[in-house]
Amino acid sequence: MNQYDVIIIGSGIAGALTGAVLAKSGLNVLILDSAQHPRFSVGEAATPESGFLLRLLSKRFDIPEIAYLSHPDKIIQHVGSSACGIKLGFSFAWHQENAPSSPDHLVAPPLKVPEAHLFRQDIDYFALMIALKHGAESRQNIKIESISLNDDGVEVALSNAAPVKAAFIIDAAAQGSPLSRQLGLRTTEGLATDTCSFFTHMLNVKSYEDALAPLSRTRSPIELFKSTLHHIFEEGWLWVIPFNNHPQGTNQLCSIGFQFNNAKYRPTEAPEIEFRKLLKKYPAIGEHFKDAVNAREWIYAPRINYRSVQNVGDRFCLLPQATGFIDPLFSRGLITTFESILRLAPKVLDAARSNRWQREQFIEVERHCLNAVATNDQLVSCSYEAFSDFHLWNVWHRVWLSGSNLGSAFLQKLLHDLEHSGDARQFDAALEAVRFPGCLSLDSPAYESLFRRSCQVMQQAREQARPVAETANALHELIKEHEAELLPLGYSRISNRFILKV
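Position one of the sequence shown corresponds to residue 7 (my numbering), numbered consecutively onward.
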């Protein structure tokens, strides 16, 4: 068969779940990929928002298997004991050059319920199996030569097979997006964030508790080895995402990646050399890696940030990672991806029924995706500024966390309403009606005012070289001003480094 309703480029988790919901809803779907599974992929830390969104996808489209990916226990049961680590919170350890680490320079807000560290080669393959089970077709190791868009449909020319046609095409190929390249949609202009990234998987990485400080010294409510651990420093940050941090796990790998602000440090040497230089400069971080060995080669991306000038058009749509990417900080990529599938799929199904595939049918999907890129750019660029001082970071990260918690609460209510009403159209309308699509809170004017004004404070600090203490105090005043309209977690109590409920 060479004629389909929808062709999806990319069989990672974004393309696979999109294919699953469209095929389950009755469309003929073809998923194309230039590589094959299993394979390495970044985007390994789940969040409360991504968990709720997976459960919403599962409920909205009646695919129970999607919800299996929303909780570590379900992943272990249905995907496998090697497929995830456990995540009990976000943690951030601040470091100074050539100085010992202090357990007082640590923030670690715990999560209400456990999330997962996703071993993506297993998770993505499982997602593809969901799509195939529900009727999608997949072709791997297939190269796209060109994509033709016209009034009658889409034709994709393949280098090693006959052309395929469809009414609509969805690009889920992330940074390798062929549609972005062919249509000239991608740019870095206007982005405040300019960062590079190195990442790999390792064996024998020591836990924070073994390498740096036990719980008795940190007084953290969670073990940092059971969190998504961020080591932050003047030039950037390094992640430690273990898959081997729970008793049921059989995966001995740990994901390691580090990012630099290119404006403060632009690497020029091989990845392993840059890694060793970083550990020499911040020796406390190096304590993790006394016995560590690489399980795969380093991957280096000189600049990871990009955006698109549009992401929908007549007969096409780019999913979020093809539309734009800022930085892995705060793990917002999966959030935007899953929400975009919830927004896009009903519109594709409506278009298939009416045979109306014009850009205006999908414009709200674009609004969400472009807003998400812009919001994350502001969030991340300001966060890199806050890395310079622990007190500043301790205040600034509360701006992010308070918005993330509001967004989670809003999604939880949407899920509750959908589970009780079973009304898919009512849910679609509620999601489309949010006042701030692509933003952290989704629907809180008070929070979005706090976020906007806080970003302005950080930008002024950067442009005017404002003293750090003055910047931190200005942010603290903003948090206090808005606190009554945030969740009651005591965000303004700066001494409460673990954001424990007061």
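Just so it is clear, CB atoms sit at the ideal spot from N, CA and C, and this is done for glycine as well.
Item	Value
Run through the stretch 449–481 for me and flag every whole beta strand (DSSP E) of 3 or more residues, listed as ranges in chain order.	none
Does DSSP put Gly-319 in a helix, a strand or coil?	strand
Below 8 Å, how does it come out for the stretch 28–45 and the stretch 137–144: are there three or more Cβ pairs, yes or no?	yes
From the DSSP output, which residues share a beta bridge with Trp-245?	His-236 and Gly-263
From Leu-134 to Pro-494, what distance separates their C-alpha atoms?	40 Å
From Ala-290 to Glu-280, what distance separates their C-alpha atoms?	16 Å
Which term fits Val-508, buried or exposed, when burial requires 16 or more other beta carbons within 10 angstroms of its beta carbon?	In this prediction, Val-508 has a pLDDT of 47, which is less than 50 and means its spatial position is unreliable; nothing more can be read from the coordinates.
So, under 8 Å CB-CB, Lys-270 and Glu-240 are touching, yes? Tell me the CB distance rounded to an integer number of Å.	7 Å
Which term fits His-123, buried or exposed, when burial requires 16 or more other beta carbons within 10 angstroms of its beta carbon?	buried
By how many angstroms is the C-alpha of Leu-185 removed from the C-alpha of Val-27?	22 Å
State buried or exposed for Val-463, treating a residue as buried only when at least 16 other CB atoms are found within 10 Å of its CB.	buried
Give the straight-line distance between the Cα atoms of Ala-509 and Leu-230, rounded to the nearest whole angstrom.	Here the chain has residues from 7 to 508 only, and residue 509 is not among them.
Tell me whether Val-119 is buried or exposed, calling it buried when 16 or more other Cβ atoms sit within 10 Å of its Cβ.	exposed
Starting from Cys-375, follow the alpha helix (DSSP H) in both directions and report where the run begins and ends.	369–392
Can you tell me where the beta strand (DSSP E) with Lys-171 in it begins and where it stops?	170–177
Extract the residue ranges of the beta strand (DSSP E) inside the stretch 102–127, only unbroken runs of 3 or more that lie entirely within it.	116–124
Checking 8 Å against the spacing of the C-beta atoms, do Ser-511 and Gly-95 come in under that value?	One cannot answer for residue 511 here, as it falls past the ends of the chain, which runs 7 to 508.
Nearest CA to the CA of Glu-454: which residue from Glu-491, His-422 and Val-474?	Glu-491
From Tyr-214 to Met-208, what does the alpha carbon distance come to, in whole angstroms?	15 Å
Which residues in the same chain as Val-299 place their Cβ atom closer than 8 Å to its Cβ, once the five residues preceding and following it in sequence are excluded?	Met-208, Leu-209 and Asn-210
As a quick exercise: from Ile-238, Ala-180, Glu-372 and Ala-357, pick the residue whose alpha carbon is nearest that of Ser-40.	Ala-180
Quick one: Cα of Ser-501 to Cα of Asn-400, how far?	9 Å
Among residues of its own chain, excluding the 5 on either side of Asp-177, which ones have a beta-carbon nearer than 6 Å to its beta-carbon?	Ile-15, Ser-183, Leu-185, Leu-324 and Ala-328
For Lys-93, which three-state DSSP category applies?	strand
Give me the Cβ distance between Gln-316 and Glu-372, rounded to the nearest whole Å; I'm assuming they're in contact under 8 Å.	6 Å
Does the distance from the CB of Ser-387 to the CB of Thr-193 come in under 8 Å?	no
Among the candidates Ala-357, Asp-383, Asn-8 and Ala-351, whose CA atom is the shortest distance from the CA of Ser-314?	Asp-383
Are the CB atoms of Ser-88 and Asn-257 within a distance shorter than 8 Å?	yes
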